[in-house]
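Protein chains in written order, with my numbering: chain W, 300 to 410; chain S, 1107 to 1218.
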């Protein structure tokens, strides 16, 4: 079946540091890949997505590239802010259109 | 995208009781989903609810415990029945539009 493996957290960074959260997946066929973000006390918000190999999703300074050869979709941001503190979830959808989530990575950005 | 609301936003319930959670979306959608997020955990799919058909439940979830209604294309309910403290979680609905799922704000349930 489908699975998503996400970088273990928690991750603590200083403001303006570079962020990478690793995500790899196992899936049959050609899944779509997503990053969702959950701010404290809130639901999930779509951060970015990519639907085919070599696509780059981007939003709010975050980027992730769909790498089929390495089955990866790593999340990056060049300069994090305190307001980026949240839990980040990598996810995929396969043919059944159900989301399979990674375990989530807690990010804390210190001023 | 879609704008999704859930009621209640949070509740504290006694064990043995039931709670019905409502999910309302601002546009007509075919596929709606219900997820559970246990404390500090990731999301687990409970069931898929398509209008006009019975909900499809994932392994480990049964209709008697989590009955779902889907009366039209903009609304669904999830009932958590005969609750125990282990049911304390965030329950989220989502809808699919444009091959992407969008989530409601969640219902935070605490069972005492």
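For every residue, glycine included, the Cβ atom is placed at its ideal position computed from N, Cα and C.
For my contact list, residue i and residue j are in at a C-beta cut-off of 8 Å; report their separation, rounded to the angstrom.
i: residue 1091(S); j: residue 1127(S); result: Shown here, chain S extends from 1107 to 1218; a query on residue 1091(S) therefore has no answer.
i: residue 1142(S); j: residue 1156(S); result: No, residue 1142(S) and residue 1156(S) are not in contact; Cβ-Cβ is about 19 Å, not under 8 Å.
i: residue 400(W); j: residue 303(W); result: 6 Å
i: residue 1137(S); j: residue 396(W); result: 7 Å
i: residue 409(W); j: residue 314(W); result: 7 Å
i: residue 1194(S); j: residue 1170(S); result: That belief does not hold up - the Cβ atoms of residue 1194(S) and residue 1170(S) are roughly 19 Å apart, past 8 Å.
i: residue 1118(S); j: residue 1210(S); result: Not quite, the Cβ-Cβ distance comes to about 20 Å (not below 8 Å), so this is no contact.
i: residue 391(W); j: residue 331(W); result: 7 Å
i: residue 1180(S); j: residue 1134(S); result: 6 Å
i: residue 393(W); j: residue 376(W); result: About 27 Å separates the two Cβ atoms, so there is no contact after all.
i: residue 318(W); j: residue 381(W); result: The Cβ separation is near 13 Å, so there is no contact.
Tell me whether residue i sits in a helix, a strand or coil according to DSSP, three-state version.
i: residue 1177(S); result: strand
i: residue 1195(S); result: strand
i: residue 371(W); result: strand
i: residue 378(W); result: coil
i: residue 366(W); result: strand
i: residue 400(W); result: strand
i: residue 338(W); result: coil
i: residue 344(W); result: strand
i: residue 317(W); result: coil
Would you list the residues sitting across from residue i in a DSSP beta bridge?
i: residue 1217(S); result: 1119(S)
i: residue 1200(S); result: 1139(S), 1209(S)
i: residue 1171(S); result: According to DSSP, residue 1171(S) bridges with nothing at all.
i: residue 331(W); result: 392(W)
i: residue 1109(S); result: In the DSSP output, where bridge partners are listed per residue, residue 1109(S) has none listed.
i: residue 1163(S); result: 1153(S)
i: residue 1134(S); result: According to DSSP, which records beta bridges pairwise, residue 1134(S) is partnered with nothing at all.
i: residue 1124(S); result: Paired residues: none, contrary to the question.
i: residue 1182(S); result: 1129(S)
With residue i as the anchor, note down where its beta strand (DSSP E) starts and where it stops.
i: residue 1207(S); result: 1206-1209
i: residue 356(W); result: 355-358
i: residue 352(W); result: Segment: none, residue 352(W) is in no beta strand (DSSP E) and carries neither H nor E.
i: residue 386(W); result: 385-392
i: residue 1153(S); result: 1149-1156
i: residue 405(W); result: 404-409
i: residue 302(W); result: 302-305
What does residue i reach in chain C if we use C-beta pairs closer than 9 Å?
i: residue 1137(S); result: Here the protein chains are W and S, and chain C is not one of them.
- Message: Taking 8 Å as the cut-off, does the stretch 1157-1166 of chain S touch the stretch 1113-1128 of chain S (at least 3 CB pairs, one atom from each stretch)?
- Response: These segments do not touch.
- At least three beta-carbon pairs within less than 8 Å, the stretch 341-351 of chain W to the stretch 314-328 of chain W: Taking 8 Å as the limit for Cβ pairs, the verdict is that the stretch 314-328 of chain W does not touch the stretch 341-351 of chain W.
- Task: Decide yes or no for the touch test of the stretch 381-389 of chain W against the stretch 330-339 of chain W: beta carbon pairs closer than 8 Å, at least 3 of them.
- Result: Put simply, the stretch 381-389 of chain W touches the stretch 330-339 of chain W. At least three CB pairs are less than 8 Å apart.
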